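Have a look at the structure below before the remarks.
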Amino acid sequence: MTGPDQHRQVVVIGGGQAGLAAGYYLRRAGLDFAILDSNRAPGGAWQHYWDSLRLFSPAEYSSLPGRPMPHQAGAPYPDARHVAAYLTAYEDRYQLPVHRPVRVTGVERSPEHLTVRTDSATWHAQAVVFATGSWQRPFVPAVPGRELFTGRQLHTAGYRRAADFTGQRVVVVGAGNSGAQIAADLTAVADIRWVTRRPPHFLPDSVDGRALFELATHQVRAHAAGETHTGVASLGDIVATAPVRAARDSGLLTAHPMFDRLSADGPVWADGSTWDCDTVIWCTGFRPDLAATRPLGLHRTNGRIPIDGTRALEDPRIHLLGYGDWTGPASATLIGVGRTARGTVDQLRTLLA
Ligand code: FAD
5 MTGPDQHRQV VVIGGGQAGL AAGYYLRRAG LDFAILDSNR APGGAWQHYW DSLRLFSPAE
65 YSSLPGRPMP HQAGAPYPDA RHVAAYLTAY EDRYQLPVHR PVRVTGVERS PEHLTVRTDS
125 ATWHAQAVVF ATGSWQRPFV PAVPGRELFT GRQLHTAGYR RAADFTGQRV VVVGAGNSGA
185 QIAADLTAVA DIRWVTRRPP HFLPDSVDGR ALFELATHQV RAHAAGETHT GVASLGDIVA
245 TAPVRAARDS GLLTAHPMFD RLSADGPVWA DGSTWDCDTV IWCTGFRPDL AATRPLGLHR
305 TNGRIPIDGT RALEDPRIHL LGYGDWTGPA SATLIGVGRT ARGTVDQLRT LLA
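Position in the sequence shown counted from 1, then plus 4, gives you this note's numbering.
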């Protein structure tokens, strides 16, 4: 189904937290804009996370610009449903013009304007902000024998609840927060092997996800001052949430080295040892979902579009927002994306003046 062509000064692609933060500042700047989002419901990736997932940081450290996240009754660390509800209310509060479900299939450029092709209408804009996140691009490493394994394989993106694996033998792969949290979640109902390529590194129990945000802030300041920031934490460290702590302290969450390959029955390690299992869960991360940028024909370096802040070096009408530190420090977090979005909109306001 196609409608009449639409014209806006700015089109934002993606209505998750990054797209909404951009919308907040675009509204304040008085620019004419639309947000196109392929999900049926508000909430971006948060509406798809697993049932037991909790934020790393308390509500007051997880807010978008303008509107603090309310507390969740009885839960200092809110769950994903609470965040999705907050994002829904945020859209309403600022009357953000989100159109959904609208899937952008590609963006083209000419010297005069940008053309945003979708599965419905075509949109014309003077600038486009990509805020498509990474949830729709799960990454699984090319481990030999993956196709031989006769059990079930799924990625973090497909995990919903531990009860689905009751009584199973499950291998969880990945040294990050998703791997630790899912492995901890499963310890109550399944026999697990948590497998990591490098030894997992836990943040001290006394700190939570706020430490990662503070670390990112220090890195920005140090970078601006021409210094190298050295600290005890790194952005990939595991936040010892209460369930992760409990599983680790009870000895059920012990990391094993990465296996060499998969056989029909399960992992095989370099020394020949094996562990037959029912399921392998790949908690091996995501990649930025930038498929819609392809028709732009922008030059790439090491697979990435070169940017300054969030602005594409080759075309100042194109911005990439919320994909992680390379598009702004802590820009993939609720609290961090606001700062980056403000910078994006400041630049667009100057460009479109
Ligand atoms: P998304 O939330 O993925 O939103 C992108 C939107 O763009 C989606 O609605 C999608 O439908 C839409 N879209 C994509 N492609 C198109 C297209 N072609 N056309 C139209 N629309 C499109 N962050 C925190 O701050 N605190 C935490 O505690 C925390 N915990 C996390 C735990 C896990 C397990 C994970 C995976 C992430 C966590 N994060 C946390 C990070 C945070 O959830 C994500 O970084 C965040 O959701 C990214 O927001 P986004 O708006 O960039 O992308």
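Even glycine gets a Cβ: it sits at the ideal position worked out from N, Cα and C.
Predicted model only: the values in this text are computed from it and were never measured.
Residue i - DSSP class collapsed to helix/strand/coil
i	result
Ile17	strand
Glu151	coil
Pro208	coil
Pro142	strand
Thr297	helix
Val243	coil
Glu116	coil
Thr136	coil
Thr258	coil
Leu59	coil
Gly110	strand
His52	helix
Asp329	helix
Asp280	coil
His86	helix
Arg12	strand
Leu338	helix
Arg2	The requested residue 2 is not part of the displayed model; the chain covers only 5 to 357.
Thr305	strand
Arg71	strand
Leu24	helix
Strand pairing of residue i, partner residues [DSSP]
i	result
Leu40	Ile17, His103
Asp195	Arg173
His159	Trp286
Thr2	Only positions 5 to 357 of the chain appear in this structure, which leaves residue 2 out of reach.
Asp315	According to the sequence displayed, residue 315 carries Arg and not Asp. DSSP, once it has assigned bridges, lists Asp312, His323 as partnering Arg315.
Arg265	Val272
Ala131	Val14
Selected residue, minimal CA-CA separation from residue i, among the options
i	options	result
Ala63	Pro145, Gln51, Gly213	Gly213
Ile39	Val87, Arg58, Gly78, Gln99	Gln99
Gly7	Thr122, Ala187, Ala77, Ala295	Thr122
Thr109	Val176, Phe143, Ser124, Pro115	Ser124
Gly307	Glu112, Val193, Leu294	Leu294
His205	Ile186, Asp195, Gly178	Gly178
Gln51	Tyr29, Arg343, Met73, Ala88	Ala88
Trp279	Val175, Phe37, Arg346, Arg164	Val175
Asp241	Asn181, Val248, Thr354	Asn181
Pro82	Ser61, Pro101, Tyr94, Leu190	Ser61
Pro208	His11, Ala192, Thr245	Thr245
Ile196	Ile339, Gly19, Val284	Val284
Ala357	Gly18, Arg321, Tyr327	Arg321
Arg97	Leu152, Ile309, Pro299, Leu24	Leu24
Thr126	Pro115, Arg107, Ala135	Arg107
beta-carbon residue i near the ligand NAD non-hydrogen atom, thresh 7 angstroms
i	result
Val15	Ligands present in the displayed structure are limited to the ligand FAD, and the ligand NAD is not among them.
CB-CB length for residue i against residue j, believed under 8 angstroms
i	j	result
Trp198	Leu158	In fact, because the Cβ distance is near 16 angstroms, the residues do not count as touching under 8 angstroms.
Leu368	Gly48	One cannot answer for residue 368 here, as it falls past the ends of the chain, which runs 5 to 357.
Gly341	Ala22	Residue identity check: residue 341 is Val in the sequence provided, not Gly. Sure, about 5 angstroms apart at Cβ, within 8 angstroms.
Gly171	Ala146	Not really, about 31 angstroms apart at Cβ, beyond 8 angstroms.
Val144	Gln185	Rounded, the Cβ-Cβ distance is 18 angstroms, inconsistent with contact.
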